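Note sheet for the following structure.
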Amino acid sequence: MDLAEAIYSRKCTRGFKPEPVPKKTLMRLLGAAHQAPSARNIQPWQFIVVTGPARERLAQKLVNRHQQEAQGKLGWPEFPAPFQARSQRFGQELAPFGQQTPGFDLATSSFNFHGAPAVILLTMDQQLPPARLIDLGMAAQNLVLKAHALGLGTCPIGMVLKYDEVIREELRLPESVNIVLSIAVGVPDPAFPINQYKSWRDDLAEFMTWIEN
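Each residue of the sequence shown is one higher than the one before, counting from 962 in my numbering.
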């Protein structure tokens, strides 16, 4: 799979097979992420890989917390226009696929990392300025593209940061660590209808400004 194909065909996976991802394969993903550019080559990222019983404990605590506080429901954030319109369209398009899976709830599934056998947390030092988050974003993109090229599925999940303190306590992370993003990793399960969904992109012309003189 060449780079262009990986970029244009990648999509989020929200249902995974239980088979574990070999450590050697996960290392290849981290190696790709580690090649991302960063300001003055400071390489601000740290990767925390959570698998096995540790992953199960973390997911269960996040799901329990969500169900206790939200009674199984989560209010999605409101965005300014036109971002809110895109968010609403996404929800409307995704819903029918989720409804085809009995008992599927997007929020609960997200806190369970969609059943992925491996979770990678991207973190950086709290002392670094917010501008360096873009470096971790580029690392995350490298990671998900490499996973896709290897036949794996991924889903970046920011929702779990709602319970940042649960993650810190379970994984014994100090306050100096800024948890930026979680990425679910595993083999996509075709038995999940929701995996058929691929989000759209608005016309590129809406996002461009050319200044030549």
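Glycine is no exception: its CB is placed at the ideal position from the N, C-alpha and C atoms.
Being a predicted model, the structure only gives us computed values, none of them experimental.
Identify, in the order they occur along the chain, each residue of the same chain with its Cβ nearer than 8 Å to the Cβ of residue i, setting aside the five sequence neighbours on each side.
i: Asn980; result: Note that residue 980 corresponds to Glu in the displayed sequence, not to Asn. Cβ neighbours of Glu980 beyond the five flanking positions: Pro1078, Gly1147, Val1148.
i: Gly1033; result: Bear in mind that the predicted position of Gly1033 carries a pLDDT of just 49, short of 50, making it too unreliable to give a figure here.
i: Arg989; result: Lys1107, Leu1111
i: Val982; result: Thr1012, Pro1078, Ala1079, Leu1113, Val1146, Gly1147, Val1148
i: Trp1037; result: Ser1048, Gly1052
Select from the options the residue whose C-alpha is nearest the C-alpha of residue i.
i: Gly976; options: Ser970, Thr1115, Val1138, Asn1174; result: Thr1115
i: Arg971; options: Asp1086, Leu1104, Met1120; result: Leu1104
i: Ile1003; options: Asp1164, Ala1092, Ile968, Ala965; result: Ala1092
i: Pro1135; options: Thr974, Asp1125, Glu1017; result: Asp1125
i: Glu966; options: Gly1112, Ala1031, Ala1145; result: Gly1112
i: Gly1076; options: Asp1086, Leu1023, Phe1168; result: Leu1023
i: Leu1142; options: Gly1119, Arg1162, Trp1161, Glu1131; result: Gly1119
i: Ser1160; options: Gly1013, Gln1049, Ser1071; result: Gln1049
i: Arg1133; options: Trp1037, Ala1015, Asp1163; result: Ala1015
i: Phe1168; options: Ser1071, Gly1064, Pro1043; result: Pro1043
i: Ser1071; options: Leu991, Pro1117, Ala1152; result: Pro1117
Suppose contacts are defined by Cβ-Cβ distances below 8 Å. Is residue i in contact with residue j by that definition?
i: Pro1154; j: Phe1051; result: no
i: Val1127; j: Arg1026; result: yes
i: Asn1073; j: Ala1000; result: no
i: Thr974; j: Asn1174; result: no
i: Met1099; j: Ala1031; result: no
i: Arg1018; j: Glu1130; result: no
So, for residue i: in the same chain, excluding its five sequence neighbours on each side, which residues have a beta-carbon less than 7 Å away from its beta-carbon?
i: Gln1045; result: Glu1039
i: Ala993; result: Asn1103, Leu1104, Lys1107
i: Ile1172; result: none
Take residue i and list the residues in its own chain whose beta-carbon comes closer than 6 Å to its own, dropping the five residues that flank it on each side.
i: Asp1150; result: Gly976, Phe977, Lys978
i: Leu1089; result: Pro1005
i: Gln1087; result: Ser1137, Asn1139
i: Thr1170; result: none
With a cut-off of 8 Å on the beta carbons, I'd call residue i and residue j a contact; round off their distance for me.
i: Val1010; j: Leu987; result: 6 Å
i: Leu1083; j: Ala1108; result: Contact doesn't hold; Cβ gap of about 14 Å is too wide.
i: Phe1008; j: Ile1081; result: 6 Å
i: Val1158; j: Glu1054; result: Checking the sequence, you will find Tyr at residue 1158 rather than Val. Right, the Cβ-Cβ distance comes to about 7 Å (below 8 Å), so this counts as a contact.
i: Met962; j: Ala1145; result: The pair is not a contact, with the Cβ atoms about 20 Å apart (cut-off 8 Å).
i: Leu1122; j: Ile1140; result: 6 Å
Could you give the residue range of the alpha helix (DSSP H) that holds residue i?
i: Thr1069; result: 1067 to 1072
i: Gln1007; result: No alpha helix (DSSP H) contains Gln1007, which is instead part of the beta strand (DSSP E) from 1007 to 1012.
i: Pro1057; result: 1044 to 1060
i: Gly1114; result: It is not in any alpha helix (DSSP H) - Gly1114 instead sits in the beta strand (DSSP E) that spans 1114 to 1118.
i: Arg1129; result: 1125 to 1132
i: Thr986; result: 984 to 994
i: Asn1103; result: 1094 to 1110
i: Ile1155; result: Note, Ile1155: premise wrong, no alpha helix (DSSP H); not H, not E.
i: Ala967; result: 964 to 970
Identify the continuous beta strand (DSSP E) that holds residue i and give its terminal residues.
i: Val1146; result: 1138 to 1147
i: Glu1082; result: This sequence places Leu at residue 1082; Glu is not what is there. Looking at the DSSP string, the run of the beta strand (DSSP E) that includes Leu1082 is 1079 to 1086.
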